[in-house]
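Residue numbers (the numbering used here): 27 to 360. Below: one structure, written as C-alpha cells.
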C-alpha cells in the first residue's frame, strides 16, 4: 500500500487505510521506509501497560530493525497528557534496538499537535478527501468505522447452512473423498473466475470439505499475493455463514489470506472467529506469525522454493520457534 502524504493532517488521514478501520484510543507506529511493520495497539494508560506494549513489540521490531530505521509514533486519543507519556516511553524503548522516532504526533478527532516541535493544526476534510481518493483510485475499499465494526462484519446469519449440515454430512459420507476434493477445487476455481457468492448448498459442501486437512491444505497452497484478494472475499463470506463446527478452516484461511494481502487487523479478527483456536494447529501458526511480526514476503520467498504446503508451514514454525504451550492473542495489529 503506497500513500503519498504531504502534511501531518494527511498522515493522520492515511492511518485508517493502513488498518482497514479508524483507530480510536490507539498508538500507531508508522515506518518511514519499507521493512518495519505498521502497528496499532490500544493506547497504554499506565507504566505496567506501557511495559506490556513494549513486550509485544520488541520481538517484531527486533526482527526487522536495520541501521537507520525510523518510525513515527502517532497517538490517537482525547488524552494528550497520556499521549505525551506513552510516546516518550516508547521512543526510549525503540532507541534501545536502534529504531529512531523523529516524529511524535498526537491527535483527537478535530486537531493535531507535533509533541516535539509543538506545531499544531486542525484535521480537515480536504486531507481525508485527498487520501481517500488515492486509495479508491488504487482499488482499495474505504476503511470502516472501527475495529469492532470489522469484527462484526465477520458474523452473519449462520442458521441456513447449519440446517443443511446434517444432509451435507450424509452426502459426503456416501461420496468418494477424491471426488469431493476434486469438486471442491473446481467450485473454488469457478468462484475465483466469476466472483459470485456460493449458494447455501455449495457453501455447506465446501465448508464440510475443508474440514479435511488435505483439502484445506490444497486451498492454502493456492493463496498468494496475486490471489489473496479473491480468497479474502470468498473466506470472508464463508466465515460469516459457517456454523461453529465447520468454521475453523474458513476463518483460518481468511486469516492467512488477509495476512498475505497485508491486512494484519483483519487477519487477527478472522482468528477471533476460530472456535478453540489454540487447538487448531493452523490457527496457532497464524497467531505465532502475527505475534512475531513476520512479513508476508518471507512466506512468499519460501514459497518460491518450497512447493509443498506442509514443508512451508514447518519452515515458518522453525523460524518462529513456535512454543508448544497455548498462544495468547497479543495487542498489536500489523
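Just so you know, even glycine gets a beta-carbon here, dropped at the ideal spot from N, CA and C.
How would you write the range of the beta strand (DSSP E) that residue 125 sits in, first residue to last? Taken as a continuous stretch (DSSP letters only), residue 125 belongs to no beta strand (DSSP E), as it is neither H nor E.
Over what stretch of residues does the beta strand (DSSP E) that includes residue 96 continue unbroken? Annotation for residue 96: the continuous beta strand (DSSP E) segment containing it runs 96-102.
Among the residues of its own chain, which have a CB less than 8 Å from the CB of residue 84, if the five just before and after it don't count? Closer than 8 Å at Cβ, skipping near neighbours: 119, 123.
If you compare alpha carbons, which of 256, 147, 245 is closest to residue 220? Relative to the Cα of residue 220, the nearest Cα in the group 256, 147, 245 belongs to 256.
For residue 137, list the residues DSSP reports as bridge partners. Answer is 148.
Express the C-alpha separation of residue 164 and residue 110 in angstroms, rounding to a whole number. Here the alpha carbons of residue 164 and residue 110 stand approximately 35 Å from one another.
One or two residues paired with residue 261 in a DSSP bridge: Bridge pairing for residue 261: absent [DSSP].
Can you say whether residue 52 is buried or exposed, counting buried as having 16 or more other CB atoms within 10 angstroms of its CB? The residue is buried, with at least 16 neighbouring Cβ atoms inside 10 Å.
For a test of the three-state rule: what should DSSP assign to residue 82, helix, strand or coil? Helix at residue 82.
Hey, how far is the Cα of residue 135 from the Cα of residue 149? For residue 135 and residue 149, the distance between alpha carbons rounds to 7 Å.
Would you decide whether residue 322 is buried or exposed? Buried here means 16 or more other CB atoms lie within 10 Å of its CB. Burial call: buried.
Are residue 279 and residue 261 touching if we call contact CB-CB under 7 Å? Yes. Within cutoff.
So, are the CB atoms of residue 267 and residue 187 less than 7 Å apart? Yes, they are a contact pair.
Three-way DSSP call (helix, strand, coil) for residue 170 in this model: Look at residue 170 here: in three-state DSSP terms it is strand.
Where does residue 189 fall in DSSP's three states? Three-state result, residue 189: helix.
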